[in-house]
Structure formats: structure tokens, C-alpha cells
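*Asks:* Numbered according to mature numbering (1 follows the signal peptide of the UniProt record, and there is no 0), the sequence shown spans residues -20 to -1, 1 to 188.
In this text, a Cβ means the ideal position worked out from N, Cα and C, and glycines have one as well.
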Amino acid sequence: MKRFTIFFLMLTLTNLIIYSAQINVKADEVKGEESRYILKNNVFIQKEDLSISTDFATITLIDDEWRDVNTEKVYITGDTFEATSTSMSFDLQTEKGTLSGNVLAKIFLEESEIEISSDELQIDNNNKRYEGSSKDLVLIQKEDYIINAKSFVFVENENLLTLSENVHIINSVKKIDMTSAYATFNTQTNDIEAQAVNLILEVAEEEE
């Protein structure tokens, strides 16, 4: 009986911890409906280390939880990233969302950062996973590397950037120009593995 009581108390405390996250919302104008709030002007939404800034947003109930955020032009930050886009749909409970239109993002690594320009960016903040694509090409910059691809996936905890379709990697300092159909890039070591490769390496000619 004593063991059961202790287990029940631990389970209760765990549930309180899981569901104790608070969402702080500020705006100049707020309109409340039965299952939705409309926020206008100087909108600021914060959940722990995640913050969203915009001039227009809605927050909608899903399963009796205030979760679904939809915005117009937005600036979102987490503990290891920041991004802007024309619009965004974001789930405050799962911390997953999609940024669309003129996406500009930075992901902060231990000793450097990655800059991303794309048409769309999907963020999974809890798992530190980012996935993006563009109608033309995504642009990714890290230090001396300029990278283009149709789409990418970056898993922050694995330091792994996966690039797909029309991959083009340039490093003018190391005099590397590579195209491929598929490639992986280690953001910690800068190691590259690729398939169907066309690689150009420049070597200075010896002067006579």
C-alpha cells in the first residue's frame, strides 16, 4: 500500500510538471471568441524559451488546450534559433510549426551558426529538427561554405545537414565547387559525403 501511495504521488507530480507550462500573451488589441483569440498590434506570445512577435495572430483551442497559433509576418525565437517569415502556423503544445514565404533563419551552433533562406521551413523545437524547401533553391551559409539545394533537413543534435536535389556546395577559400544529387554535411567537422558528384578543385599553377 505504501509503495502504491508513493507511486501515485510521483505520477501526480509528474503530470503537474508536464502540464504546468504557461503561455504569456500580450497585444494592443484582443478580441475573444468561444474557441479563438484574435490578437492585433505588438503581439507577443511566450512559452518558456520560445517567443513569437507579430502584428497579427490568432490562438485557437484544440482539445481544450490553447495551442494553434497562426500569424502574418512573424519573428520567432528559441534557445538555439531565430527566424522570420511572411506567415506561420505553430502548435504551442508540440512546439512544431511551419513558416512560409521569405523565410530567413539562423541556427546557433556551439562555435558558429547556419543562415538559411527558403520558401518554407518546418521547425520541431523540442527535437531540434529543421526541414525546408524552395521552389527554386534553398540558400544555406555556414562560415566560408555557400550551399544550395532544393530541400534540406538539419538535425541539430546530430550536427547533420542532409541536402537533396540540385545540391551545390561552394567554398571559395578552400577552392571547392561541387554539385551532386544528394549530400550530407557535418556542421561540426565540415565533412561532406555525396552521391552523383561533379567536383572541381582549384590548384594554383607554379610560376616559372
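Beta carbon of tryptophan 46, beta carbon of isoleucine 39: below 8 Å?
*Replies:* Taking 8 Å as the Cβ cut-off, tryptophan 46 and isoleucine 39 qualify as a contacting pair.
*Asks:* Buried or exposed: serine 69, going by 16 or more other Cβ atoms within 10 Å of its Cβ?
*Replies:* It counts as exposed.
*Asks:* Could you give the distance in angstroms between the alpha-carbon of lysine 122 and the alpha-carbon of leucine 141?
*Replies:* Near 11 Å, if we compare the C-alpha coordinates of leucine 141 and lysine 122.
*Asks:* Here's the rule I'm using: 16 or more other beta-carbon atoms within 10 Å means buried, otherwise exposed. How should glutamate 14 be labelled?
*Replies:* The residue in question, glutamate 14, is exposed, as its Cβ has fewer than 16 Cβ neighbours within 10 Å.
*Asks:* Would serine 98 be called buried (16 or more neighbouring beta carbons within 10 Å of its own) or exposed?
*Replies:* Its Cβ being crowded by 16 or more others within 10 Å, serine 98 is buried.
*Asks:* Do the segment 154 to 167 and the segment 109 to 116 touch if we need at least three Cβ pairs shorter than 8 Å?
*Replies:* Flag = no, the segment 154 to 167 and the segment 109 to 116 do not touch.
*Asks:* Taking C-beta to C-beta, are tyrosine 125 and isoleucine 149 nearer than 8 Å?
*Replies:* Yes, the pair counts as a contact, with Cβ atoms nearer than the cut-off.
*Asks:* From the DSSP output, which residues share a beta bridge with leucine 143?
*Replies:* According to DSSP, which records beta bridges pairwise, leucine 143 is partnered with Phe132 and Ala163.
*Asks:* So what's tyrosine -2 in DSSP terms, helix, strand or just coil?
*Replies:* Low confidence applies to tyrosine -2: its pLDDT is 46, below 50, so where it sits in the model is not reliable enough to give any reading.
*Asks:* Only counting the same chain, and skipping five residues up and downstream in sequence, which positions put a Cβ closer than 6 Å to that of glutamine 26?
*Replies:* Only Asn4 meet the Cβ criterion.
*Asks:* Hey, quick one: how far does the beta strand (DSSP E) through lysine 122 stretch, first residue to last?
*Replies:* Taken as a continuous stretch (DSSP letters only), the beta strand (DSSP E) holding lysine 122 covers 109 to 122.
*Asks:* Of all the options Asp29, Gln102 and Lys11, which has the alpha carbon lying nearest to the alpha carbon of serine 65?
*Replies:* Per the Cα distances, Gln102.
*Asks:* Rounded to whole angstroms, what's the CA-CA distance from leucine 72 to glutamate 136? Just pull it up for me.
*Replies:* Whole-angstrom Cα-Cα distance: 20 Å.
*Asks:* Out of Val118, Ser92, Asp8 and Leu19, which one is the CA nearest neighbour of threonine 169?
*Replies:* Of the candidates Val118, Ser92, Asp8 and Leu19, the one whose C-alpha sits nearest the C-alpha of threonine 169 is Ser92.
*Asks:* Looking only at its chain, what residues have a beta carbon closer than 7 Å to the beta carbon of lysine 155, apart from the 5 residues adjacent to it on each side?
*Replies:* Closer than 7 Å at Cβ, skipping near neighbours: Leu181 and Glu182.
*Asks:* Measure the beta-carbon distance from glutamate 75 to asparagine 50 and round it to whole angstroms, keeping in mind my assumption that it falls under 8 Å.
*Replies:* Wrong, their Cβ atoms sit about 15 Å apart, outside the cutoff.
*Asks:* Three-state secondary structure (DSSP) at isoleucine -15?
*Replies:* Here isoleucine -15 scores only 38 on pLDDT, less than 50, and its place in the model is too uncertain to base an answer on.
*Asks:* Would DSSP call glutamate 14 helix, strand or coil?
*Replies:* In the structure shown, glutamate 14 sits in coil (DSSP, three-state: anything other than H, G, I, E or B).
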